[in-house]
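Presented below is the structure to which this report refers.
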Amino acid sequence: MPEISARYNPKDVEEKRLKIWDALKPFHATARKSPKGAFTIVIPPPNVTGVLHMGHALNNTLQDILIRYKRMNGFDALWMPGTDHAGIATQNVVEKQLAKEGTTRDALGREKFMERLWDWKRHHGDTIINQLHKLGSSCDWDRTRFTMDDDYSGAVREVFVRLYERGLVYQGSYIINWCPRCETALADEEAEHKDANGHLWHIKYPFKDDPTQYVVVATTRPETMLGDTAVAVNPADERYKELVGRTIVLPLVDREIKIIADDFVDREFGSGAVKVTPAHDPNDFAMGRRHNLEFVNIMHPNGVMNKNAGRFSGLDRFEARKAVVKALEDEGWLLKIDPHAHAVRRCYRCDTIVEPYLSKQWFVKMKPLADKALEAFRAGKPRISPKRWEKVYENWLVETRDWCISRQIWWGHRIPVWYDGDGNTFCARTEAEALAQAKAKHGKDVLLKQDPDVLDTWFSSWLWPFATLGWPKENVDLKYFYPTHTLFTAPEIIFFWVARMVMAGIEFMDEVPFTDVVLHGTVRDAKGRKMSKSLGNAIDPLDVISEYGADALRFSMILNSGQDIFISKEKFEVGRNFANKLWNASRFVLMNVKPEARIKSFDEINPAELDLASRWVISRCQTALCEVSSAIEEYRYSEAENTLYEFFWSTYCDWYLEIIKGQLDNVNVQKTAFMVLETTIRMLHPFIPFVTEELFCEFQGDDKLLTLEAWPVPAAKFQDAKAEQEMGLVIGLISAIRNSRSQWNIKPADQIGITFSVDSGLSKKTVIDALAFIKRLTKISTFAFAQDVSGMSKCATGVAGDVKYFIPLGDLVDIDKEKARICAEIAEKEKAAAAIDGRLSNEGFVSKAPADVVEKDRQRMVDFRARATELKKTLECLI
RNA sequence: GGACACAUAGCUCAGUUGGUUAGAGCGUUGCCCUCACAUGGCAGAGGUCGUAGGUUCGAUUCCUACUGUGUCCACCA
848 MPEISARYNP KDVEEKRLKI WDALKPFHAT ARKSPKGAFT IVIPPPNVTG VLHMGHALNN
908 TLQDILIRYK RMNGFDALWM PGTDHAGIAT QNVVEKQLAK EGTTRDALGR EKFMERLWDW
968 KRHHGDTIIN QLHKLGSSCD WDRTRFTMDD DYSGAVREVF VRLYERGLVY QGSYIINWCP
1028 RCETALADEE AEHKDANGHL WHIKYPFKDD PTQYVVVATT RPETMLGDTA VAVNPADERY
1088 KELVGRTIVL PLVDREIKII ADDFVDREFG SGAVKVTPAH DPNDFAMGRR HNLEFVNIMH
1148 PNGVMNKNAG RFSGLDRFEA RKAVVKALED EGWLLKIDPH AHAVRRCYRC DTIVEPYLSK
1208 QWFVKMKPLA DKALEAFRAG KPRISPKRWE KVYENWLVET RDWCISRQIW WGHRIPVWYD
1268 GDGNTFCART EAEALAQAKA KHGKDVLLKQ DPDVLDTWFS SWLWPFATLG WPKENVDLKY
1328 FYPTHTLFTA PEIIFFWVAR MVMAGIEFMD EVPFTDVVLH GTVRDAKGRK MSKSLGNAID
1388 PLDVISEYGA DALRFSMILN SGQDIFISKE KFEVGRNFAN KLWNASRFVL MNVKPEARIK
1448 SFDEINPAEL DLASRWVISR CQTALCEVSS AIEEYRYSEA ENTLYEFFWS TYCDWYLEII
1508 KGQLDNVNVQ KTAFMVLETT IRMLHPFIPF VTEELFCEFQ GDDKLLTLEA WPVPAAKFQD
1568 AKAEQEMGLV IGLISAIRNS RSQWNIKPAD QIGITFSVDS GLSKKTVIDA LAFIKRLTKI
1628 STFAFAQDVS GMSKCATGVA GDVKYFIPLG DLVDIDKEKA RICAEIAEKE KAAAAIDGRL
1688 SNEGFVSKAP ADVVEKDRQR MVDFRARATE LKKTLECLI
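If you want my numbering, it's the position in the first sequence, counting the first as 1, plus 847.
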């Protein structure tokens, strides 16, 4: 018996296992090693700036469960880890550092700033990876990738160039989402809609030829009027038909603008006339193009009004708003202000209100890519679960708009485009290549300037499933491990990342990059709020690991995972307690099972030699195994855990271990106790890898790694329906005794009579087994038996001496007190039987209900009546 | 404004093609420190399955409306 303490200590065990895994590298995947083939998962790369939060913990536990399960099932299981350079987020972090030092990135210059960024990455970039490691994630750590690794960056450039050559990237001036704080363009998906209570300002716009007459326009952003170059009305709007073509003098600015007609205008909204600001609104931009309007940009990139704003120049956009409103009011142009609830777009990185801004950016033409993805999806690739996300995904593909991929920041992949002085563009993999192109064009060497912008971070992450495997180089790993299998991720990034990965996979690998996408819930606090640092309601997974253990964190988290996951600190006690229970049950088994009974397989047990409880527990174990396997395959992890929890704790510990305490000298019992536990530990390993492997080593020797052991195979010959049924009766009997005992305060010395009716289906051997269990579990040692109801009277009248209680078919009865109760039960059973009788005499039921249901009902009625009859006899005996 | 999801015990959730007396964990109450485990054991209490209709012999389950909650999407200024 090894030295194991009564209380499980996760800290020591987890540290020890991690060391062993680091040294032996059991998670390293090698191509073409297993006949079963590859099973690949790529991690959704966390930001390098990331610090482990509960969302990561959940996401990675899900992945780990599956990859460990597949590994145990003999696949070449690869879980590819890595991090994302997170352009804006990372740059923000380092810029904050600079601010503390009293400097800025512009003062530092691009080169020095990049050095600082790489410096930061070297020192802090492994934080999240180390934390994932601590969680027990069985990634192939030697392959850890970073989206700005040299070869990965090569892949990014390669993709850009290919898309450019295929006409799928283009440069152009459009209204994009602009973050004035980050001073960069954002993709549509990066500008989040958030509700806000704003105002709707109604402004009078006077006619040139008659300043006393005016049209009214309504706007939520009055400062943009400074850039108005038209007023638009709907061509079918009778109110304004006559006015189209007339000239208006724009208040405050005195610019002359025309009234135009455009179908876009909604007659119902506001006054039916809309101010047109082509440089500051996407719709107005489109109208501006249609009507050849002037584009007046009134704002600097940092959100401060520029010289086009006239007397308002130099004001920040929100100060300008106040000033413009005040000026309009002062000059009599403001008609009214209505409160107006609407959605405002905010930067997903810094929450600053995004400005629709006209600028020259690079875009990916999405339609051709989305169409292929759509086609694949309609052919079933990838499968998405839960299914309700399918429509969301599909809709996005249908409605997708072009993707703005250039960012005016420095941390990221520089756009591989160079310009000469004459406005020519050279897109190339390297500067040398670009220079060669330029030379070919000009016939001589020319000086080129690279585009200063970098690419959207997602422009590198969308290549993750194949760029991590070495693409564009052809190699064995890429061929073997691609496409990957299951992608676990949060629904938030279904567009950012999932859909785009599918497109890239199809475009560059001719294959959808994963077969399954599993979208999991969001981790919330007990009150249902999202966990976030700013709310102060976040629970740090690392705290949980040090207090309860990584196994406890994983187990509790998965057990709680329905849709969204509500977490509070106490919830992790379940996992801690479970690991402790497992530890102690194992300790008990190790203490009582002799080495020769520590068998390797159920095959070393002969079912014919087993007692009832052992046949039962093995059968239940097989059932659990089948359920757990299929639950894992179908991503129903909390159900799998639930099954294991229930089987191990209730079936194995509470019933089986308690029952066998009197028979521990029986080698078959020892074998069964051991083998069932060993199987359970194997099944639990994907969920709680640390404690299970530690225990496995206690069982099978230190040289073994459970991680590399096989998933149990169900053995049909141990499925034993009869044992399950008989044991069900026995369990019912014991429960009844226990119940009555506490109810009537029976003492161990009291004698109890039991009758088994002849037709109960129990064999004599079973009854003998059962008696042993009952004695063990009830601590009541003296029983009197009779085979049928009539025998009961003998019990009752004291054949066995001074029998005070007896148990007819499962009910322990105090003779002196229980006559009334029996009467009540008789009435109840008769009533139930009558209800069924009524149903059975209903023709609709008999003719339309399935035959087995009718039969079951009939049987039930018979049972109820038999029981009632029996009780009546009992009553007679008692009298 | 559009789409979707959810509503079952005090709390968090199961409930698998409609069919016995609707389950579990936590919490709670009572009794047990029984030599694997008090991070434990045994037993109990607690639900007219959101509301109103409909289909059916029968509805927690299917349909409709409503109410409430949540999520995603969105260029009505």
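For each residue, glycine too, the CB sits at the ideal point set by N, CA and C.
Handout entry: the region 1161-1180 in contact with the region 1109-1118 per 3-pair CB rule at 8 Å
Key = Cβ pair count under 8 Å is below three, so no.
Problem - Spatial distance of Thr1490 from Thr1539 (CA atoms) - result: Near 17 Å, if we compare the C-alpha coordinates of Thr1539 and Thr1490.
Exercise for the section: Could you tell me the distance, in whole angstroms, from the CA atom of Arg1093 to the CA atom of Pro1148? Expected result: 34 Å
Handout entry: Three-state secondary structure (DSSP) of Gly1733
Key = This structure cannot settle anything about residue 1733, because the visible part of the chain is limited to 848 through 1726.
Exercise for the section: Work out the CA separation of Ile890 and Asn1586 for me, nearest whole Å. Expected result: 52 Å
Practice task
Kindly identify the DSSP beta-bridge partner or partners of Arg1193.
Solution key: Glu1039 and Ile1200
Problem - Proximal residues to Phe1534 (C-beta, below 7 Å), its chain only, five neighbours per side dropped - result: Ile912, Arg1401, Phe1402, Ile1405 and Glu1488
Problem - Extent of the continuous alpha helix (DSSP H) to which Lys1463 belongs - result: Checking the sequence, you will find Trp at residue 1463 rather than Lys. Here the alpha helix (DSSP H) through Trp1463 covers Leu1459 to Glu1480.
Handout entry: Euclidean distance between Cα positions of Val860 and Asp1363
Key = 34 Å
Problem - Whether Pro1561 touches Leu1472 by CB criterion (7 Å) - result: For Pro1561 and Leu1472, yes; Cβs fall inside 7 Å.
Practice task
Ignoring anything shorter than 4 residues or poking outside the region 859-886, list the alpha helix (DSSP H) runs there in chain order.
Solution key: none
Handout entry: Element boundaries [alpha helix (DSSP H), containing Ser1000]
Key = Asp997 to Glu1012
Exercise for the section: Could you round the C-beta distance between Gly929 and Ser881 to whole angstroms and report it? I think they count as a contact, below 8 Å. Expected result: That pair is no contact at about 24 Å.
Problem - Selected residue, minimal CA-CA separation from Lys1569, among Gln1547, Gly1548 and Ala1460 - result: Ala1460
Problem - DSSP-derived helix/strand/coil call for Ser1433 - result: helix
Exercise for the section: Spell out the partners DSSP gives Pro1186 in its beta bridges. Expected result: His1046
Exercise for the section: Hey, could you find the ends of the beta strand (DSSP E) Asp1363 is sitting in? Expected result: Phe1361 to Leu1366
Practice task
Give every residue of the same chain whose Cβ lies closer than 7 Å to the Cβ of Tyr1327, excluding the five residues on either side of it in the sequence, and list them in chain order.
Solution key: Ala878, Arg879 and Ala885
Handout entry: Same chain, Cβ closer than 6 Å to Asp931, five either side skipped, listed in chain order
Key = Pro892, Asn894, Thr994 and Ser1308
Practice task
Would you kindly work out how many angstroms separate the C-alpha atoms of Cys1029 and Pro1229, rounded to a whole number?
Solution key: 35 Å
Exercise for the section: Quick one: grab the DSSP three-state call for Gln910. Expected result: Gln910: helix per DSSP, three-state reduction.
Practice task
Would you tell me roughly how many angstroms separate the C-alpha atoms of Tyr792 and Ile1262, rounded to the nearest one?
Solution key: Lying before the first or after the last residue shown, residue 792 is absent from the chain, which here runs from 848 to 1726.
Handout entry: Run of the alpha helix (DSSP H) containing Thr827, from where it starts to where it stops
Key = Coverage of the chain is limited to positions 848 through 1726, which leaves residue 827 absent and any answer about it impossible.
Handout entry: Beta-carbon proximity of Leu1552 to Pro857, cut-off 7 Å
Key = no
Problem - Distance between Gln1297 and Asn1130 (C-alpha atoms, nearest Å) - result: 32 Å
Exercise for the section: Using the Cα positions of Gly956 and Asn1081, report the straight-line distance between them to the nearest angstrom. Expected result: 51 Å
Handout entry: C-beta atoms of Arg1196 and Ile935 nearer than 7 Å
Key = yes
Exercise for the section: Note down the Cα distance separating Phe1306 from Glu1178, rounded to an integer number of angstroms. Expected result: 49 Å
Handout entry: DSSP-derived helix/strand/coil call for Val1121
Key = Val1121: strand per DSSP, three-state reduction.
Exercise for the section: Run the CB neighbour count on Ser1253, radius 10 Å, all protein chains shown included, and call it buried at 16 or more, exposed below. Expected result: buried
Exercise for the section: Specify the secondary structure class of Arg854 as computed by DSSP and reduced to three states. Expected result: coil
Problem - Top-ranked residue by Cα proximity to Ala1174, from Ile1340, Pro1360 and Gly1157 - result: Gly1157
Handout entry: Residues sharing a beta bridge with Ile1231, DSSP
Key = Val1364
Handout entry: According to DSSP, residues forming a beta bridge with Arg1261
Key = Val1301
Practice task
Going by DSSP, name the residue or residues bridged to Arg1254.
Solution key: Val1301
Practice task
State the start and end residues of the unbroken beta strand (DSSP E) segment that holds Asp1372.
Solution key: Val1370 to Asp1372
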